[in-house]
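Structure first, commentary second.
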Amino acid sequence: MSIGPNETFPFDPASNTHPGDIVLTMLNSILEDPREVTDDDATEAFKLLEKALETEDMEESVEFMLKALDHDPSNVDVHLEFLDIACIDDSYQIPILELLEKIARQKIGELLFQENEGHFWGLVETRPYMRVLECLATECHYQGDLNKALLCWEQMLKLNANDNQGVRSSLLLSCLALGKLKKADKIFAQYDEVGSSCSFSWAMVLKRFLEQNDELAVQALKTARRQNKYMESFIKGTRKPPMELPNHYAIGSREEAVSCVDAMTIAWNQYPEAIHWLKLQKKK
21 MSIGPNETFP
31 FDPASNTHPG
41 DIVLTMLNSI
51 LEDPREVTDD
61 DATEAFKLLE
71 KALETEDMEE
81 SVEFMLKALD
91 HDPSNVDVHL
101 EFLDIACIDD
111 SYQIPILELL
121 EKIARQKIGE
131 LLFQENEGHF
141 WGLVETRPYM
151 RVLECLATEC
161 HYQGDLNKAL
171 LCWEQMLKLN
181 ANDNQGVRSS
191 LLLSCLALGK
201 LKKADKIFAQ
211 YDEVGSSCSF
221 SWAMVLKRFL
231 EQNDELAVQA
241 LKTARRQNKY
251 MESFIKGTRK
261 PPMELPNHYA
271 IGSREEAVSC
281 VDAMTIAWNQ
291 YPEAIHWLKL
301 QKKK
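If you want it as structure tokens, here you go:
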């Protein structure tokens, strides 16, 4: 979230300390000196977070969040919501999210972490960690650190193979953007979605091209065009996608293409020769 030089909400505008530094100091303190939280405090923090999300008054929402953190300083869901509305510039986002990942892991405990690998979305205790990882991956991807984003998404699928958060497409496209074709192969094999998913179908076209297999690339293109005809114009740059992502979509729809267009175009744009090849392929 980019901000202007005079925007400090909800921090004191008269303070000489940058809001990002205030948050980092607070999170480091929580990590270094974790407080034991009672069940009652944890429950109260959850209720206060619900109130914060329900109110339309921004200042009231912040008050509820701060009260929630008084009860449970290590509640990362509260921190994530606070980070979403606070005016903290991009340079602080990743360091803050990395600290939240450490706090969330510390709160789970290494024993519970190891015992529940593969089922992290199924437990209330481990879901906050998954949400932090998703936010960290998304921010890294947004800021252009594809390698770090890829590591986060890999960790998410390791902890939750069912991929309830739907990150496999982002991981696949990041693998292709970075030229990691063997890793991409594993994702294609694990999730058989070519022909039924826009992201997987058009990712396969790029993969076949990068493998320098023109025959299979043409076959993959036919499949992708049948699955979703709208993505091609976005990749070629002949049509711009809308700014807002759709809330839902039907398979094969324009909305489906829009839902994954950012990661898709980032991957294809790494290979201008692939886009040139695509422009030469006549529709039959």
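Numbering follows this note's numbering, in which position 162 of the sequence shown is assigned residue number 182; successive positions increment by one, without gaps.
We treat Cβ as the ideally placed atom computed from N, Cα and C, and that holds for glycine.
Since the structure is predicted, the reported quantities are computational estimates derived from the model, not experimental observations.
Cβ neighbours of residue i in the same chain (closer than 8 Å, five flanking residues each side left out)
i, result
"Leu119", "Leu44, Leu47, Asn48 and Leu51"
"Ile207", "Arg188, Leu191, Leu192 and Cys195"
"Trp297", "Phe229 and Ala237"
"Ile255", "Trp222, Met284, Thr285, Trp288, Ile295 and Leu298"
"Thr75", "Ser81 and Phe84"
"Met224", "Phe208, Val214, Ala240, Thr243 and Ala244"
"Pro25", "Annotation note: pLDDT 38 at Pro25 (below 50); position unreliable, no value reported."
"Asn182", "Trp141"
"Arg259", "Ser253"
Rounded distance between the beta-carbons of residue j and residue i, thought under 8 Å
i, j, result
"Leu201", "Lys168", "The Cβ separation is near 20 Å, so there is no contact."
"Asn180", "Phe140", "5 Å"
"Ser279", "Pro266", "6 Å"
"Gln163", "Ile114", "7 Å"
"Arg151", "Leu100", "6 Å"
Of the residues the options, the one placed nearest residue i, counting alpha carbons only
i, options, result
"Asp90", "Lys67, Asp77 and Asp104", "Lys67"
"Ala116", "Leu241, Asp41, Glu276 and Phe254", "Note on residue identity: the sequence assigns Ile, not Ala, to residue 116. Minimum Cα distance to Ile116 is reached at Asp41."
"Ser216", "Thr243, Asp183, Lys203 and Gly199", "Thr243"
"Ala88", "Gln163, Asp60 and Ala223", "Asp60"
"Ala197", "Thr58, Met150 and Pro292", "Pro292"
"Val57", "Leu103, Met78, Glu76 and Gln126", "Gln126"
"Pro54", "Asn36, Glu137, Glu135 and Asp92", "Asp92"
"Gly138", "Asp104, Asp110, Glu145 and Lys178", "Lys178"
"Ser253", "Gln290, Gln301, Asp109 and Lys203", "Gln301"
"Met251", "Leu166, Asp77, Leu100 and Val281", "Val281"
"Glu231", "Cys218, Asp212, Ala204 and Gly257", "Ala204"
"Leu170", "Glu70, Gly199, Thr258 and Leu143", "Gly199"
"Ser111", "Glu264, Lys303 and Asp165", "Asp165"
"Glu145", "Thr63, Asp104, Asn182 and Ile105", "Thr63"
"Ile105", "Gly257, Glu264 and Asp77", "Asp77"
Nonlocal neighbours in the same chain, by C-beta distance under 6 Å from residue i, ignoring five residues either side
i, result
"Ala72", "Ser81, Phe84 and Met85"
"Pro148", "Val96, Asp97 and Ala124"
"Asn184", "Trp141"
"Tyr211", "Arg188"
"Arg274", "Tyr250"
"Val186", "Going by the sequence as given, residue 186 is Gly instead of Val. Correct list: empty, nothing qualifies."
"Asp290", "In the sequence as displayed, the identity of residue 290 is Gln instead of Asp. Ala197."
"Ala65", "Ala88, His91, Asp92 and Asn95"
Strand pairing of residue i, partner residues [DSSP]
i, result
"Val96", "In the DSSP output, where bridge partners are listed per residue, Val96 has none listed."
"Ser217", "Val214"
Nonlocal neighbours in the same chain, by C-beta distance under 7 Å from residue i, ignoring five residues either side
i, result
"Leu153", "Glu121, Cys172, Gln175 and Met176"
"Phe133", "Arg125"
"Leu143", "Asn136"
"Cys218", "Gln247, Asn248, Met251, Glu276, Ala277 and Cys280"
"Lys304", "none"
"Leu103", "Ile116"
Residue i: CB within 8 Å of a non-hydrogen atom of the ligand ATP
i, result
"Pro266", "As far as ligands go, the structure on display features none, and thus does not contain the ligand ATP."
May I ask you to verify whether the region 242 to 260 touches the region 143 to 158, counting CB pairs closer than 8 Å and requiring at least 3? no
Should the region 120 to 128 be called in touch with the region 89 to 99, which here means at least 3 C-beta pairs below 8 Å? yes
For the pair the region 222 to 241 and the region 265 to 274, tell me if three or more CB-CB distances fall below 8 Å. no
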